[in-house]
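These protein sequence lines map, in sequence, to chains R and S. First residue of the first sequence? That's 27 in my numbering, and the numbers climb one at a time after it. First residue of the second sequence? That's 62 in my numbering, and the numbers climb one at a time after it. Think of the CB as a built atom: it goes at the ideal place given N, C-alpha and C, for glycine as much as any other residue. Nothing here was measured: the structure is a model prediction, and the numbers come from that model. A short worksheet on the structure shown next.
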Amino acid sequence: MAARVTRREFLERTTLGGVAAAALVAGARPRHASAAAPAYPDWIAASTKPAKRGGTLTRASAWDPPVIDPRLTQSVGTFQFVGLTSNRLVRYGFADEVTSVTDLGLKGDLAESWTVSPDHRVWTFKLRQGVKWHNLPPVNGREFVAADVKYCFEQYAKEGVQSFTFQEIEATETPDNYTVRVHLKTPNVFFPHALAEPVAVMFPREVMEQDGDLKKRLIGTGPYIMKEHTRKVRVVLQRNPDYWDKGRPYVDEYIILSTPDAATRLAAFRTGQADFIWVASPSEVEVLRKTNPNAVVQAFHNSLAPFGVALAQDRPPFNDVRVRRAMCMAIDRQKMVDTVFEGHGIIGWGVPYLYYQDTPPTAKDFGPWWQYKPADAKKLLTEAGHGKGFETTLFYYEYFPQMTSEVQLVQQDLKRNLNIDVKITKLDYTTYYGRYVENKWDGMSWGFQSGHAIGVDERTYQYMHSGSPKNFFRVNDPVIDDLTTKLRRTPDRAEQRMLTKKIVDREYDQVLRMWMPYDNGFLVFQPHMRNAAAPALRRSDGYGSPTLVRTWLDK
Amino acid sequence: MYKYVLRRVLLAVPVLVLSSLIVFGLMRVMPGDALTALMAESGNVGEKELQKLRKDLGLDLPYYQQYLVWVWQMVSFNPGDSIFTNEPIPVALRKAIPVTLELATLAMILGLVIAIPIGVLSATHQDRLSDYVGRVVAVSGLSMPEFWLGTLVITFAAIWFHWMPPIGYVSFWESPWKNLQQFLVPAAILGFRLSAATMRMTRSTVLEVLREDYVRTAWAKGLAGKIVVYKHALKNALIPVVTIVGGQLGVLLAGTVVVETIFALPGMGRLTVEAILYRDYPVVQTNVMLVAGTLVTLNLLVDMTYAWLDPRIRYQ
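Here it is as structure tokens:
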């Protein structure tokens, strides 16, 4: 006869089991990583060894391209590889060219050189000769010429993401096959920077004319040819043997595997199925290095934060600068950096600091309204007539898990310090985006600005000028309008820095955009990867992917 | 028998109509539409351009007209194109269905292979160690959701064995070995969960049948234990088990959504979730109707199996 378990025995055993399990869990709890996390370099210098040809580079990617037509999207899912199949006229430096992570000098890509008229309205680009489109129909490796540039600029202006930028062009001339002369409607000293943005790639006229769009075929002049794109599976890029930069690229094939789950991406790196990976927190790096002690880590440092609290500043109570300042003073950003981002984050700002100072700003640099001073905040809000607080709303989309923690901390701080009741609504991406850009919402939103752009004009004039369609934070300040317009007409670098500083000072003083902390993250590479570090402002797994043309595998 | 089948087929029609109304209605109730999602990706689409797109896609029509257009597309087997990717839906389905079908079939097979022998063993060894072990396994299967189990398996396999199923789907015909490596682990996870309820049901029905008079008679005739259990008891015990397996197909298909995401398999689950996020109405509606149709058909098959296993059912 089998032994039966009585009710009493069962209770005793489960209680003991529960205690044991609790002890086990407590023992296994990871310690707070930031306390002992080793410091990782923020720059990995280029290898001094001669580059080796061959091999396959693989990455498990969170992003799947929504469409491959570069006119219609600015999604990182698309631009994680389009910069490798296609070229721009100018570009930022690659990992083996720049001196440091802050090197923002422009280099020629399809253009060898460029000059500007004294009034900064006419830009002349001299194109590289002998550049060929990929050897695929319908272009079949024909030469890339000035007419192609003119055609692309016209198409970009006609529709899509970049129409605002390219509609600034009054006319484009092509005096010969290798010269492009662009006439702008208004002076803009930063026009080449707009062309260096990762999204401004050249595409062939023949494909547009045959297909009506670029959704089916991605053909360019770039170092890689798209061999396969299977949605939700993989993108395979194959070395372009006719690439104009002879000898490059070094890696034969780059495979991007669509891997939506974060744990799976980590496992892919651990097992060698992926050659590099981006992780958010120091504790993740630490855990990863336990299984992959030879992995090479680059501590990425963001020079801007794409997210902040956007206030409906065109209507009460947020049209009162005292209310905005009080709210800004009532939020403890440093606490967010320390807790949510384990100390490896920035306190948040919108214009890359590299354009106005050499070192990342500290809380002090933001001025009085950005210091955490709950008592002063309360006093200021009382002066504004809201001593008893008020009720408002905040909607957001969770771009990354830490964002929810940030939203909740803002809610707690505003309630505790100012008695402002914030009703939070978490939305899915489509609903959030539709509501946010519609610009008719009340209260607050966890606002964003495009992640792809790094140019100072994009980050100032295009995102803050009251007439810009990209001004999602609803900035409507005549001083800012004046300063941003002046900046794009100022060629002198020192003066540019001074003007940019004035713009950010004005922004902080008026609390026009209430920036929130953002993570820095880490790029982790397998030990055989060379020259893949993320250069200025852009990660090499995302918008900064063109730098992978200089990457090689040391194995 | 044919009357029984006909009755069941006719009952399926209102189920499908109701499903179509629910999915159509729910998609329209959700805020935003595919064009908002398109705009989110594009960054900048003018209102004029949006209106033109809405008109081109028929999104400006009254809801009843949109519904009728869609129903006509469905019955004429021409569900149209994805609003978001422009890909014809049949093409997307041709890629996704084999993945989910393979995953679900393997999961079902593994689930039954685990559940039935352990269920029988538990019943025939009631209150012994093997019974306790079987029951613990069953309860574990019920308690552990796929997303947790999947993450755990993938993480610890990578840490301990430096291995994980290869990512980047490969079809069975392209490379059978690689394909099986990709599918066996996720199928086992789905199957394990599926096996839990089946195992419990098998155990209790076998226990019940073993106490029936005819089984006692079989024992009294001196038949071997295996023959009594597997030939006389199991067939009758399987009737409720078949029912529960049919009912679990819905759970299985829901589970594929999570498992496909974790193991990066491009099946119906991921296709549908992405389409919902992008408000890709035609894709969501087609997928849901396809799943509803599949479930209705499978339940019909279950009912027919039921009738085949127990002739009394069709005579009632």
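* Asked: With 8 Å set as the bound, which would you pick, yes or no: does the beta-carbon of ILE179 (chain S) sit closer than that to a beta-carbon of chain R?
  -> With 8 Å as the cut-off, ILE179 (chain S) does not count as an interface residue toward chain R.
* Asked: For LYS449 (chain R), which residues of its own chain have a beta-carbon under 6 Å away from its beta-carbon, when the five flanking residues on both sides are left out?
  -> Close CB contacts of LYS449 (chain R) within its chain, under the 6 Å cut and outside five residues either way in sequence, are with THR419 (chain order).
* Apart from the five residues on each side of it in sequence, which residues of its chain come closer than 6 Å, Cβ to Cβ, to TYR398 (chain R)? -> Close CB contacts of TYR398 (chain R) within its chain, under the 6 Å cut and outside five residues either way in sequence, are with ASP358 (chain order).
* Say whether the stretch 464-476 of chain R touches the stretch 489-499 of chain R, bearing in mind that this needs 3 or more beta-carbon pairs closer than 8 Å, one atom from each stretch. => Taking 8 Å as the limit for Cβ pairs, the verdict is that the stretch 489-499 of chain R does touch the stretch 464-476 of chain R.
* Using CA coordinates, which residue listed in S:ASP94, S:LEU122, S:LEU271, S:ALA281 is at the minimum distance from TYR291 (chain S)? -> That would be S:LEU271, whose Cα lies nearest to the Cα of TYR291 (chain S).
* Asked: What separation, rounded to the nearest whole angstrom, lies between the Cα atoms of TYR342 (chain S) and THR322 (chain S)?
  -> Each residue's Cα considered, the two are about 21 Å apart.
* chain S contact for ASP454 (chain R) (CB, 8 Å cutoff) -> Output row for ASP454 (chain R): interface = yes.
* Asked: Is it right to say ASN320 (chain R) is buried, meaning 16 or more other beta carbons lie within 10 angstroms of its own, or is it exposed?
  -> Exposed.
* With distances taken between CB atoms, is the gap from LEU337 (chain R) to MET542 (chain R) smaller than 8 Å? -> No, the Cβ-Cβ distance between LEU337 (chain R) and MET542 (chain R) is not below 8 Å.
* For the putative contact between LEU280 (chain R) and LEU110 (chain R), defined by C-beta atoms under 8 Å, what is the C-beta separation to the nearest angstrom? -> Looking at the sequence itself, residue 280 (chain R) is Tyr, so the reference to Leu does not match. Going by Cβ atoms, the distance from TYR280 (chain R) to LEU110 (chain R) rounds to 7 Å, so yes, they are a contact pair.
* Go ahead and pull the three-state DSSP assignment for THR216 (chain S). => Look at THR216 (chain S) here: in three-state DSSP terms it is helix.
* is_contact[VAL3 (chain R), chain S] using C-beta, thresh 8 Å -> An answer regarding residue 3 (chain R) cannot be provided, because it is not within the stretch 27 to 581 covered by chain R.
* Which chain R residues sit within Cβ distance under 9 Å of MET169 (chain S)? -> Simply none; closest approach about 23 Å.
* To do: Give the single residue among R:SER112, R:TYR455, R:ARG351, R:TYR182 whose Cα lies nearest to the Cα of ALA410 (chain R).
  => Residue nearest to ALA410 (chain R) within the set R:SER112, R:TYR455, R:ARG351, R:TYR182 is R:ARG351 (criterion: CA-CA distance).
* At what residues does the beta strand (DSSP E) containing VAL255 (chain R) begin and finish? -> Here residue 255 (chain R) turns out to be His, not Val, going by the sequence shown. In the DSSP assignment, HIS255 (chain R) falls within the beta strand (DSSP E) that extends over 250-256.
* Is the Cβ of GLY330 (chain S) closer than 8 Å to any Cβ of chain R? -> False, the Cβ-Cβ gap to chain R never drops below 8 Å.
* With DSSP collapsed to three states, give me the class of GLN324 (chain R). => In the structure shown, GLN324 (chain R) adopts extended strand secondary structure according to DSSP, grouped into three states.
* Asked: Residues of chain R with CB under 7 Å from PRO301 (chain S), in chain order?
  -> Chain-order list of chain R residues neighbouring PRO301 (chain S): empty, with the shortest C-beta distance near 25 Å, by a criterion of under 7 Å.
* Which chain R residues sit within Cβ distance under 9 Å of ILE323 (chain S)? -> Chain R residues near ILE323 (chain S): PRO286, ASP287, ALA289, THR290.
* **Any C-beta of chain R under 8 Å from that of ILE150 (chain S)** => False, the Cβ-Cβ gap to chain R never drops below 8 Å.
* Limits of the unbroken alpha helix (DSSP H) element including ALA293 (chain R) -> Segment 288-296, the alpha helix (DSSP H) holding ALA293 (chain R).
* Asked: Would ASN360 (chain S) be called buried (16 or more neighbouring beta carbons within 10 Å of its own) or exposed?
  -> Around the beta carbon of ASN360 (chain S), 16 or more other beta carbons lie within 10 angstroms, which makes this residue buried.
* Asked: Could you check where the beta strand (DSSP E) with VAL148 (chain R) kicks off and where it finishes?
  -> Following the DSSP letters along the chain, one finds VAL148 (chain R) inside the beta strand (DSSP E) bounded by residues 148-153.
* **Other residues of its chain near VAL93 (chain R): CB distance less than 6 Å, five sequence neighbours each side excluded** => Setting aside the 5 residues that flank it on each side, VAL93 (chain R) is surrounded in the same chain by THR99, LYS241, each with a C-beta closer than 6 Å to its C-beta; the list follows chain order.
* ALA356 (chain R) and ASN445 (chain R) look like a contact to me (Cβ under 8 Å); what is the Cβ gap, rounded to whole Å? -> ALA356 (chain R) to ASN445 (chain R), Cβ: 10 Å. No contact.
* Asked: What residue range is occupied by the uninterrupted alpha helix (DSSP H) comprising HIS219 (chain R)?
  -> HIS219 (chain R) -> alpha helix (DSSP H) spans 217-222.
* To do: Mark ALA61 (chain R) as exposed unless 16 or more other C-beta atoms lie within 10 angstroms of its C-beta, in which case mark it buried.
  => With a pLDDT of 41 at ALA61 (chain R), under the threshold of 50, the predicted position of this residue should be treated as unreliable, though the coordinate-derived value follows. With fewer than 16 Cβ atoms within 10 Å of its Cβ, ALA61 (chain R) is classed as exposed.
* Would you say LEU435 (chain R) faces chain S, with C-beta separation under 8 Å as the test? -> Not closer than 8 Å to any Cβ of chain S, the Cβ of LEU435 (chain R) fails to qualify, so no.
* Asked: Under a Cβ-count criterion, where at least 16 other Cβ atoms within 10 Å of its own Cβ denotes burial, should VAL200 (chain S) be classed as buried or exposed?
  -> Burial is judged here by how many other beta carbons sit within 10 angstroms of a residue's own beta carbon; VAL200 (chain S) has fewer than 16 and is exposed.
* Against chain R: residues of the stretch 133-165 of chain S by CB proximity under 9 Å -> For the stretch 133-165 of chain S, which is checked against every Cβ of chain R, the residues closer than 9 Å are PHE145, THR146, ASN147, GLU148, ALA153, LYS156, ALA157.
* Report the three-state DSSP secondary structure of SER80 (chain S) (helix, strand or coil). => Per DSSP, reduced to three states, the secondary structure at SER80 (chain S) is helical.
* GLY415 (chain R) and ASP439 (chain R) closer than 8 Å at C-beta -> The beta carbons of GLY415 (chain R) and ASP439 (chain R) sit no closer together than 8 Å.
* To do: State the start and end residues of the unbroken alpha helix (DSSP H) segment that holds PHE244 (chain S).
  => Its alpha helix (DSSP H) spans residues 237-271.
* For the alpha helix (DSSP H) containing ARG519 (chain R), list its first residue and its last residue. => For ARG519 (chain R), the enclosing alpha helix (DSSP H) has its first and last residue at 519-536.
* Under a CB-based cut-off of 8 Å, is LYS241 (chain R) close to chain B? -> No chain B appears in this structure, whose protein chains are R and S.
* To do: Identify each residue in the stretch 454-472 of chain R for which the Cβ-Cβ distance to at least one residue of chain S is less than 8 Å, and report them in chain order.
  => Legend: CB atoms of the stretch 454-472 of chain R lying less than 8 Å from CB atoms of chain S belong to residues ASP454, TYR455, THR456, THR457, TYR459, GLY460, ARG461, VAL463.
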